[in-house]
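**Q**
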Ligand SMILES: *Cc1c(COP(=O)(O)O)cnc(C)c1O
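Numbering (my numbering), first residue to last: 34 to 428.
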């Protein structure tokens, strides 16, 4: 029987009931501007400051180190451009990143490159990992910033953030991490892990879209990205998205409080998917088997075209995602899959299934019950598969 299964939680997540309930008063009766002096303005201000405390608590920092933004992309752009411009004033114009970052990071550093910054792109290995020594070796006297993601959004690998943070702190280089996929799913402590700047987004952890935060360690100077009013202590202008900020705080508190049990539940579902799908002939798991987000399963099927696979899954009620990134109208496979060394045609046949704690064992059973047949049908129509089988027999 057909069933609706949402398995694209790395793209966005369903808003939780508690999150929605916490937001509604700020969309209705508490509509005041936090900068106003009358009571409904003050109430809104108090809500924003309470939210700041909640986010700080989840990351192990002080409330004054949290700045609300319009999402993960803004937090990434602000951290990277803000730090780069501030460091340039000290003559430091070298940036270190990896070749498999989210576009919010990659395109931000590419924009800086056009302005004369020098960027080192560290290559990830075939599992999507980099070693702390790669970072240590790349640091120079003029290095302004190291920006390396906490966990990859496509293949789910979790990078050695604490080790990288330690190296950067020892070498006195600023360290930013895009933790959009990690917050709420992996235990984070910015102080222990020596993180200077960290980006997060509400809609990846059952919060609303269009709101996120940047943690900026006390004493770290970054230039403003958005000038205007005195909001966020003069560092990020614009009237606060009060309901969104309250929703973010509820979401981050909810997910960090239940982190272990949710991660365990998600990892069990993920592992069932991996166990089942890897039994399909000529299929590989992308990303590291162990150092992996609890909700992420990413596969490549030889002789299958990712877009067709997504359409077939959609017809069966399953929402998933592929690495062939045709959303951009581009035929190039994802830079992440190419970065881990997949040949173009294999990268084209990729599937990301990302589960959340709202998925059930029945959802997983359903996916397992339809996937073999779909792959079989697609391969039966594929000239590429025909060639693979023929060559396989000959060799
Ligand atoms: C989703 C995502 C972003 C962008 O966050 P938005 O809030 O959608 O702007 C950035 N980095 C990673 C790793 C992401 O998964």
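Cβ coordinates follow ideal geometry from the N, Cα and C atoms, glycine included. Nothing here was measured: the structure is a model prediction, and the numbers come from that model.
1) Reducing DSSP to helix, strand and coil, say where residue 408 ends up.
2) Would the C-beta of residue 169 count as close to ligand 1, meaning under 7 Å from any of its heavy atoms?
3) Taking just the CA atoms, how far does residue 181 sit from residue 92?
4) Would you identify the three-state DSSP class for residue 149, choosing helix, strand or coil?
5) Are the CB atoms of residue 108 and residue 246 nearer to each other than 8 Å?
6) Counting beta carbon pairs with one atom in the segment 93-108 and one in the segment 218-229, are three or more of them shorter than 8 Å?
7) For residue 105, report the span of its alpha helix (DSSP H) as first-last.
8) If you run the structure through DSSP and keep just helix, strand and coil, what is residue 279?
9) Name the residue from 230, 183 and 74 whose alpha carbon lies nearest to the alpha carbon of residue 219.
10) In this structure, what does DSSP give as the bridge partners for residue 385?
11) If you follow the beta strand (DSSP E) that residue 127 is part of, which residue opens it and which one closes it?
12) Using a threshold of 8 Å, state whether the C-beta atoms of residue 112 and residue 255 are closer than that.
13) Would you say the beta carbon of residue 51 is closer than 7 Å to some non-hydrogen atom of ligand 1?
14) Among 413, 347, 262 and 290, whose alpha-carbon lies nearest the alpha-carbon of residue 66?
15) Please list the terminal residues of the continuous beta strand (DSSP E) segment that includes residue 209.
16) So what's residue 249 in DSSP terms, helix, strand or just coil?
17) When DSSP builds the beta bridges, which residues end up paired with residue 184?
18) Just verifying my parser: in three-state terms, what is the DSSP assignment at residue 347?
19) If you reduce the DSSP assignment to three classes, tell me which class residue 361 lands in.
20) May I ask you to list the residues that DSSP assigns as paired with residue 154?
21) Kindly indicate the opening and closing residues of the alpha helix (DSSP H) around residue 230.
22) If you run the structure through DSSP and keep just helix, strand and coil, what is residue 39?
23) Helix or strand or just coil, what does DSSP make of residue 420?
24) Taking the Cβ atom as the reference point for each residue, do residue 243 and residue 105 lie within a distance shorter than 8 Å?
25) From what residue to what residue does the alpha helix (DSSP H) around residue 317 run?
26) Would you identify the three-state DSSP class for residue 369, choosing helix, strand or coil?
27) At a cut of 8 Å, does the segment 388-406 reach the segment 186-198 through at least three beta carbon pairs?
28) Determine the extent of the alpha helix (DSSP H) in which residue 310 is found, giving its start and end residues.
29) Are residue 249 and residue 134 touching if we call contact CB-CB under 8 Å?
30) Identify, in the order they occur along the chain, each residue of the same chain with its Cβ nearer than 6 Å to the Cβ of residue 284, setting aside the five sequence neighbours on each side.
31) My output table needs one value for residue 400: the three-state DSSP class, helix, strand or coil.
32) Alpha carbon to alpha carbon, how far is residue 379 from residue 354? Give it in angstroms, no decimals.
33) Just checking residue 237 against ligand 3 - is the residue's beta carbon closer than 7 Å to any of the ligand's heavy atoms?
34) Where do the ends of the alpha helix (DSSP H) carrying residue 79 lie?
**A** Quick answer:
1) By 1-based counting over the chain shown, the position of residue 408 is 375. Reduced to three states, the DSSP call for residue 408 is helix.
2) For the purposes of this step, residue 169 is identified with residue 136 of the chain shown, where counting begins at 1. For ligand 1, not one heavy atom lies less than 7 Å from the Cβ of residue 169.
3) Translated into the one-based positions of the chain shown, residue 92 becomes position 59. Translated into the one-based positions of the chain shown, residue 181 becomes position 148. Spanning the two alpha carbons is a distance of roughly 17 Å.
4) In the chain shown, the residue the question calls residue 149 occupies position 116. Correct three-state label for residue 149: coil.
5) Counted from its first residue, the chain shown places residue 108 at position 75. Counted from its first residue, the chain shown places residue 246 at position 213. Yes, the pair counts as a contact, with Cβ atoms nearer than the cut-off.
6) yes
7) One-based indexing of the chain shown puts residue 105 at position 72. Element bounds for residue 105: 105-121.
8) Locating residue 279 in the chain shown gives position 246, where the first residue counts as 1. Helix.
9) For this step, residue 219 is matched to residue 186 along the chain shown. Among 230, 183 and 74, the Cα nearest to that of residue 219 is on 183.
10) For this step, residue 385 is matched to residue 352 along the chain shown. DSSP lists 331 and 354 as partners of residue 385.
11) Counting from one through the chain shown, the residue named residue 127 turns up at place 94. Per DSSP, residue 127 belongs to the beta strand (DSSP E) from 127-131.
12) The count along the chain shown starts at 1 and reaches residue 112 at position 79. The count along the chain shown starts at 1 and reaches residue 255 at position 222. Cβ distance < 8 Å, so residue 112 and residue 255 count as in contact.
13) Walking along the chain shown from the start, residue 51 turns up at place 18. It does not: the Cβ of residue 51 is nowhere closer than 7 Å to a heavy atom of ligand 1.
14) In the chain shown, the residue the question calls residue 66 occupies position 33. Residue 262 is the option with its Cα nearest to residue 66.
15) For the purposes of this step, residue 209 is identified with residue 176 of the chain shown, where counting begins at 1. That run of the beta strand (DSSP E) goes 207-211.
16) Counting from one through the chain shown, the residue named residue 249 turns up at place 216. Residue 249 falls in the strand class under three-state DSSP.
17) One-based indexing of the chain shown puts residue 184 at position 151. The partner list for residue 184 (beta bridge, DSSP) reads 191.
18) Locating residue 347 in the chain shown gives position 314, counting from the first residue. Helix at residue 347.
19) If you number the chain shown from 1, residue 361 lands on position 328. Here residue 361 scores only 48 on pLDDT, less than 50, and its place in the model should not be relied on; the value that follows carries that caveat. Looking at residue 361 - three-state DSSP - the assignment turns out to be helix.
20) Working through the chain shown from its first residue, we reach residue 154 at position 121. The partner list for residue 154 (beta bridge, DSSP) reads 130.
21) For this step, residue 230 is matched to residue 197 along the chain shown. Taken as a continuous stretch (DSSP letters only), residue 230 belongs to no alpha helix (DSSP H), being part of the beta strand (DSSP E) at 230-234.
22) Within the chain shown, numbered from 1, the residue matching residue 39 stands at position 6. Here residue 39 sits in strand by DSSP.
23) To locate residue 420, count along the chain shown from 1; it is residue 387. Residue 420 falls in the helix class under three-state DSSP.
24) The count along the chain shown starts at 1 and reaches residue 243 at position 210. The count along the chain shown starts at 1 and reaches residue 105 at position 72. No, the pair does not count as a contact, with Cβ atoms beyond the cut-off.
25) Here the question's residue 317 lines up with position 284 in the chain shown. Premise fails: residue 317 lies in the beta strand (DSSP E), 316-318, not in any alpha helix (DSSP H).
26) Here residue 369 refers to the residue found at position 336 of the chain shown. Looking at residue 369 - three-state DSSP - the assignment turns out to be helix.
27) no
28) Sequence index remark: in the chain shown, residue 310 carries index 277 (1-based). Residue 310 -> alpha helix (DSSP H) spans 292-310.
29) Working through the chain shown from its first residue, we reach residue 249 at position 216. Working through the chain shown from its first residue, we reach residue 134 at position 101. No; because the gap between Cβ atoms is not below 8 Å, this pair is not in contact.
30) On the chain shown, residue 284 is found 251 positions in, with the first residue counted as 1. Within the same chain, residue 284 has close Cβ partners 52, 235, 238, 239 and 240.
31) By 1-based counting over the chain shown, the position of residue 400 is 367. The answer is helix: DSSP assigns residue 400 an H, G or I state.
32) On the chain shown, residue 354 is found 321 positions in, with the first residue counted as 1. On the chain shown, residue 379 is found 346 positions in, with the first residue counted as 1. Near 15 Å, if we compare the C-alpha coordinates of residue 379 and residue 354.
33) In the structure on display, ligand 3 does not appear, and the ligands it does have are ligand 1.
34) Within the chain shown, residue 79 is the residue found at index 46, counting from 1. Run containing residue 79: 72-92, per the alpha helix (DSSP H) assignment.
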